[in-house]
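Below is one structure; the comments refer to it alone.
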Amino acid sequence: MSQAIHAILFDLDGVITDTAEYHYRAWQELADAEGIPFDRAANEKLRGVSRRESLRLLLNGRTIPPEQEEAWLARKNRRYQELLQQLTPADLLPGVAVLLDEIRQAGLKTAIVSASHNTPTVLDRLQIADRFDVVIAGPEANAGPGRNRPKPAPDLFLLAAERLGVAPWACLVVEDAESGVEGARQAGMVTVGLGPAERVGAADLVLPNLAGVTLAQLLYAATWSVAEPGFDPAQQRRWESALTIGNGMLGTRGSLEERFPGDQPSTLIHGLWDDAPIVYTELANAFDWTAFDLWIDGEAFRMDRGVVTLYSRRLDLHSGELRRHLYWTTPTGATVQISFRRVASLADPHGVGVRLEVTPLDRPVQVRVRARIDGVVENEGLLHWRNLQQGYDGAIAYLRGETRRTHKTLVEAMTVRQEGVTAPAHYHDAPYNPAFEMTQTLAVHQSWAVEKLVAIVTDRNVDDPLAMARAKAAELGKGGYAALFTSAKAALAEFWAESDVIIEGDDAAQRGVRHGFYQLRIAAAQDERVSIAAKSLSGFGYRGHAFWDTETFILPFFTFTQPALARNLLMYRWHTIEGARKKARENGYAGAQYPWESAETGEEVTPRWVPGPNGEELIRIWCGDIELHITADIAYAIVQYWRMTGDDEFMAGAGAQIILETARFWESRVEPDRPTPGRYSISDVIGPDEYHEHVDNNAFTNAMAAWHLRTAGEVLAWLHTYAPTRAAHLEKTLDLSQERLARWRTIADNLVFLRDSRTGLIEQFEGFFQRKEVDWPAFANRTKSMQALLGIEGANEHQVLKQPDVLLLFALLPQHFSDADLRVNWDYYSPRTDHTYGSSLGPAVHAWLACRLGMPEEAYTHFMRAALVDIEDVRGNAAEGIHAASAGGVWQALAFGFAGLHWTEAGEVAVKPQLPSHWRRLAFNVQVRGKRHAFDLRREDAVKS
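Counting from 9, one number per residue, gives the positions in the sequence shown under the numbering used here.
Structure below.
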């Protein structure tokens, strides 16, 4: 896996052994002799820092001559070395020896990275010097630029990584000092902190000590972040998607702040629609708030200029912060340390920030920084902005624009802050690029940080977005980047407390799961007028349109862990029901027919024709015309939400009306007396398996329509009890006579469903079994979908599925089928499904159902295709954006599949685990009718079940 850790770097004191008492005694004797106040509380400040820095802290502002300073340092060190002679192998801290043995057996490299020049002596006394591949014993004068500063600089960690031959992103650091954790983070490494959270809480994982700690526990720290394994221009777009950050209102791709040829930066904002050819409407790419230009001695920084070394970029899933660290040698030979950090907070939908820090490493340099808002943005060549206006009021710069066709207003306003040294910030009034420019001459090892705090406001919620954006930018400027980061971390901590799923024994799966859930959360707005698109807010794929993906695959994650957000997503369908009514009416049907692709109004926005892969022909897209099941899928999601939350108010209001109006659509859509009198058919449709078009009596569509019609009657009966006035109103408004309700039941009972009563095998649609078989061995080494290889018509003529169709019924309507039915249909349809290059929606469903069949190992194979689809770019299309539905399906595979979450006949929540053999633990929470249920399943539980 691309995210694997290859080396573990240990601090010495407080991690491997505890010489802190010896340090304390040596400093105490010096302080007592010189009359300097010193106690154990003061000694805590000396943890992890160099001897010289410790003396500076000890003096607490007092100055002494340089020769006296050297003499005191020598006295302290002589006494410390005398005390070290008391060390023996028995002074290894508990757990260390066993852990080092385990690491060596696993083939990982190890290093000691200590601030102390006495490290070799300590290792010799402990008799463990041969346990480490590299030993860094404090700063080395000859180590070279960027390799010889003490902690909290990253130098010693980066020097160790270089000598180990391991990239920084593939290193894990174990530290007990705040300065060490900070240095390791600046190096772009995974961090494990030992000790109290007040001291090492910035680490990816905090443990009290190493007693009883296994290698697996250390490596688990890496499951809280996603690292880019080096910069590869050919891979940059896939990593832009995977490293997307957001706050529920917007999503910003992980493009580089200084830009790079071939990149695709975007910030997509919920509700910011503009008209577009072919696709009708799309989310307009907002102004680029991340833009930073940097010059070192007049040389513009870019990843393909000069020499970049010790590069790392990591998305922290604890905070949602994206960090990039590197050393850059300019074409003229100056070497500088550069770090970029950016964050968006769920606690503040209008505030984002980016922080740039520069430190010269080998000679003084002149640094010029331009922090700007870039209004020259596009959607793959299409420009959406006009009437761009910009300005500056002394502290705040802004850019305002409106979409070309929908006339929506966007304002981005920014302010800057500086840390370290301060330079005058001059307003730079470039067209469509308001900016602040600052220039500073820095000495060697002198750091300068520039923070850009940006407020982003549209006119969806306020009458004067410019005034709000300027006020918000000023507010952000007061707290700075640190305040925004703190709020982001706190907000995500609340999310993870309810929605995290813990997997022990499989770090790759754990990381993929957390990454997917993070992406889902940052796409979910506190706004019931928007939904979650198929590619979330992470890319231009599908133009920000919502599909059945939301209700069938994504919504259950929120229904069971964040029900308030689930309600918002369902209310989007209520606010867009007029578009569904319009579609039904224009197609000649009654009620409401939801569109296959939906945007702002709920009208159908599926393109009817799109250019072929090579642009030489137009391809007809039929989904918007005949893929009907989405209407029932929405009704299903409403009922699932209602039953799981007990939100009767929602059901009595929007929920019931949607279900009833859409039931009227099905009533008008079915064809009576076909194929025989008294039967009903639905012809000329596309089911979930989109390799087959214009089919009759698709099993999934018909079964869901029948379920919908039955359920509508049940909901109306409930409504008569809960809210009789509302029920009477709907009966009158929607003409729900007793005759109509009886007709719904008749249709549901007589709608064609092609199931062999003897074997239980369900035919996907009329004539499916007569289609040609695929010679699967002939396609064993393919790298494309079966439709791409066979052609659109060729796939239509064969028994090859894009994704589960019949099998999806067993996931959604399990009460309608027996286990024997599932087995026979699995055995028929799973081998005929394009698992690797078909739809990304399929693997999670197959994982879920394989668990139902008692096949957790086969389930795991499918599961990992879904869990790693973006981090590992499993399908080769991550560049287009996050696979949001796959992430939602992953949660269902975990909860309903591997955990076996179900309801007993008494209505109690229960589990029946089916864990893969290497998983030791699966833990998660669900909320059912306001009650939180926590499940913590161990491997032995799965074996017993």
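Even for Gly, the Cβ is constructed at its ideal location relative to N, Cα and C.
Collapsing the DSSP output to three states places TYR699 in coil. About 15 Å separates the Cβ atoms of TRP456 and GLY488, ruling out a contact at the 8 Å cut-off.
In this structure, the alpha-carbon of ASN150 lies about 11 Å from that of ARG157. In terms of Cβ geometry, LEU636 and THR709 form a close pair [threshold 8 Å].
Under the DSSP assignment, ASP944 falls in the beta strand (DSSP E) whose first and last residues are 939-946. Exclusion of the five residues before and after SER58 leaves ALA123, PRO158 as the residues of its chain whose Cβ lies within less than 6 Å of its Cβ.
Within the stretch 859-947, complete beta strand (DSSP E) segments of at least 3 residues are found at 929-936, 939-946, given in chain order.
A straight line joining the alpha-carbon of GLN113 with that of SER10 spans about 21 Å. If you check the CB distance, ALA852 and PHE871 come in under 8 Å. Contact check for ARG408 against ASP301 fails: the beta carbons are separated by 8 Å or more.
Within a 10 Å sphere around the beta-carbon of GLU698 sit 16 or more other beta-carbons, which makes this residue buried.
As summarised for the stretch 120-186, the continuous beta strand (DSSP E) elements at least 3 residues long and confined to that stretch are 142-145, 179-183, given in chain order.
Taking the Cα positions, ARG766 is about 13 Å away from ASN833. Secondary-structure assignment with DSSP links GLU445 through a beta bridge to ARG378, HIS434. Looking from the CA of GLN225, the closest CA among ASN789, GLU90, ILE13, LEU762 belongs to ILE13.
Straight-line measurement puts the Cα of GLN778 at about 49 Å from the Cα of ARG940. Checking the DSSP bridge columns, you'll see VAL360 partnered with ALA352, VAL462. Following the DSSP letters along the chain, one finds LEU66 inside the alpha helix (DSSP H) bounded by residues 59-67.
Per the DSSP secondary-structure output, VAL521 pairs with nothing in a beta bridge. With respect to the 8 Å criterion, TYR597 and VAL538 are not classified as neighbours on the basis of their beta carbons. Inclusion of SER249 and GLY889 in the CB contact set at 8 Å is warranted, their separation being smaller than that value. Its chain contains no residue whose beta carbon lies nearer than 6 Å to that of VAL106 once the 5 sequence neighbours on both sides are disregarded.
Residue pairing by DSSP places PRO680 opposite TYR688 in a beta bridge.
Pairing LYS780 with GLU801 gives a Cβ-Cβ distance that is not under 8 Å. Between the stretch 280-297 and the stretch 544-554, the count of C-beta pairs closer than 8 Å reaches three or more; the two stretches touch. For PHE673, the three-state secondary structure derived from DSSP is helix. About 6 Å separates the CB atoms of GLY599 and THR670; that is less than 8 Å, so the two are in contact. Under the DSSP definition of a beta bridge, PRO368 partners with VAL344.
Inclusion of THR567 and GLN665 in the CB contact set at 8 Å is not warranted, their separation being larger than that value. Scanning its chain for C-beta atoms nearer than 8 Å, with the 5 sequence neighbours on each side dropped, one finds around VAL200 the residues LEU180, VAL181, VAL182, GLU183, ALA211, ASP212, LEU213, VAL214, LEU215, LEU226, ALA229, in chain order. Taking C-beta atoms as the reference points, ALA219 and GLY103 count as a pair closer than 8 Å.
Looking only at GLU29, LEU742, VAL919, GLY915, the smallest Cα-Cα distance to ALA903 is reached by VAL919. TYR288 is bridged by DSSP to ALA284.
In the pairwise beta carbon analysis, the stretch 489-508 is classified as touching the stretch 318-337: at least three pairs are separated by under 8 Å. In this chain, the beta strand (DSSP E) harbouring TYR400 covers 393-400. The stretch 891-903 and the stretch 524-540 touch, with three or more beta-carbon pairs separated by less than 8 Å.
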